[in-house]
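Residue numbers (my numbering): 13 to 324. In this text, a Cβ means the ideal position worked out from N, Cα and C, and glycines have one as well. Being a predicted model, the structure only gives us computed values, none of them experimental.
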């Protein structure tokens, strides 16, 4: 269940979204998804202050159009709200975003130590892993919180006869505040492109991320870092490449009165980890979105060998 509100009063703008989830008896959790106020300077420029979406990747959801998203979302590099200030503008054929985030989004109400949130971030948790790889719950809370993060993104829009392309670059750098661990830092960079021709859309993105962390943690290595969302945390590879591809085709259904259009899509993404002992986590999605009036329905078939929601 969720509540959404939008504010537009002269140049003053804002958005609010709060969500409640039930995962079974005693497993309820809730969190603030979006909460910012802003100022619209003109038609092409505005500022947002509060819990807003980090500008990284080809768009709000990266290049993905599926319900599950691609692997960028699960390492905090797509549709990730953080607490800070963002300025967005258009300059000729460019769309430019610059932002500063004092910290990642706070954890709200749930059972986890720090993961009752929507977007994936580095978190502090009270679990550890023994020598056999088993999770031990209820230990001393440890891990990291993101802070003092800066982002910059530029997207160049090209128009061709019968088609268009958006070519862009995203950059991110921030600090990590450790709990029971030395502080660290992290960075990420991406090149992305979205090409549209008629009803066909092809998206591609290649990203690199690295977390520089203290090896004196529950896993005894600097190659894993806890990340969490949806009231659940798990260790993630600290350094990796992340390629992603998305292909979709919009089918208008004028002959069907109760259906506006169908959007079938195929998506693939993978976390190619630097650590040779880790498997690369693939995610493949075949699905479609169905639009009818105020309804927007997803049907996804997803396969993975390393993903929070899909599993192995």
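Burial state of residue i, where buried means 16 or more other Cβ atoms lie within 10 Å
| i | result |
| --- | --- |
| residue 86 | buried |
| residue 48 | buried |
| residue 13 | exposed |
| residue 19 | exposed |
| residue 318 | buried |
| residue 63 | buried |
| residue 171 | exposed |
| residue 285 | buried |
| residue 154 | buried |
| residue 53 | exposed |
| residue 23 | exposed |
| residue 32 | exposed |
| residue 15 | exposed |
| residue 334 | Given a span of 13 to 324 for the chain in the structure shown, any question on residue 334 remains unanswerable. |
| residue 315 | exposed |
| residue 157 | buried |
| residue 213 | buried |
| residue 174 | exposed |
| residue 17 | exposed |
| residue 249 | buried |
Best match in the options for proximity to residue i [C-alpha to C-alpha]
| i | options | result |
| --- | --- | --- |
| residue 261 | 297, 208 and 162 | 208 |
| residue 122 | 241, 51 and 27 | 241 |
| residue 58 | 72, 107 and 252 | 107 |
| residue 270 | 285, 51 and 303 | 303 |
| residue 288 | 279, 308, 251 and 321 | 251 |
| residue 66 | 117, 256 and 258 | 117 |
| residue 163 | 69, 322 and 157 | 69 |
| residue 133 | 247, 323, 257 and 316 | 247 |
| residue 110 | 169, 183 and 221 | 183 |
| residue 268 | 322, 305, 235 and 39 | 305 |
| residue 211 | 30, 259 and 124 | 259 |
| residue 166 | 138, 112, 102 and 173 | 102 |
| residue 312 | 283, 278, 323 and 324 | 278 |
| residue 39 | 76, 73, 17 and 124 | 124 |
| residue 254 | 282, 264 and 234 | 282 |
| residue 82 | 257, 200 and 276 | 257 |
| residue 227 | 30, 213, 192 and 199 | 192 |
| residue 105 | 26, 27, 76 and 168 | 168 |
| residue 323 | 37, 80 and 43 | 80 |
| residue 50 | 60, 56 and 300 | 60 |
| residue 93 | 37, 55, 45 and 308 | 45 |
| residue 137 | 237, 84, 275 and 273 | 237 |
| residue 25 | 84, 43, 188 and 55 | 55 |
| residue 234 | 198, 264 and 273 | 198 |
| residue 300 | 272, 276, 291 and 307 | 276 |
| residue 273 | 115, 308 and 280 | 308 |
| residue 71 | 215, 249 and 265 | 215 |
Nearest-angstrom beta carbon gap, residue j and residue i [assumed within contact, 8 Å]
| i | j | result |
| --- | --- | --- |
| residue 161 | residue 185 | 7 Å |
| residue 223 | residue 196 | 7 Å |
| residue 320 | residue 78 | With 8 Å as the limit, residue 320 and residue 78 do not qualify as a contact, their Cβ atoms being about 15 Å apart. |
| residue 245 | residue 135 | 5 Å |
| residue 28 | residue 200 | Actually they do not touch by this definition, with Cβ atoms about 28 Å apart. |
Pairing CB atoms from the region 200-212 with CB atoms from the region 163-181, are three or more of them under 8 Å? yes
Going along the chain, which unbroken runs of the beta strand (DSSP E) with 3 or more residues stay wholly within the region 152-236? 175-191, 196-209 and 212-224
Give a yes or no on contact between the region 235-249 and the region 123-135, applying the rule of three or more CB pairs nearer than 8 Å. yes
Does the pairing of the region 92-112 with the region 281-295 give three or more beta-carbon distances under 8 Å? no
Which whole runs of the alpha helix (DSSP H) in the region 32-92 are 4 residues long or more, in chain order? 83-86
Sequence ranges, alpha helix (DSSP H) only - wholly within the region 253-284, length at least 4: none
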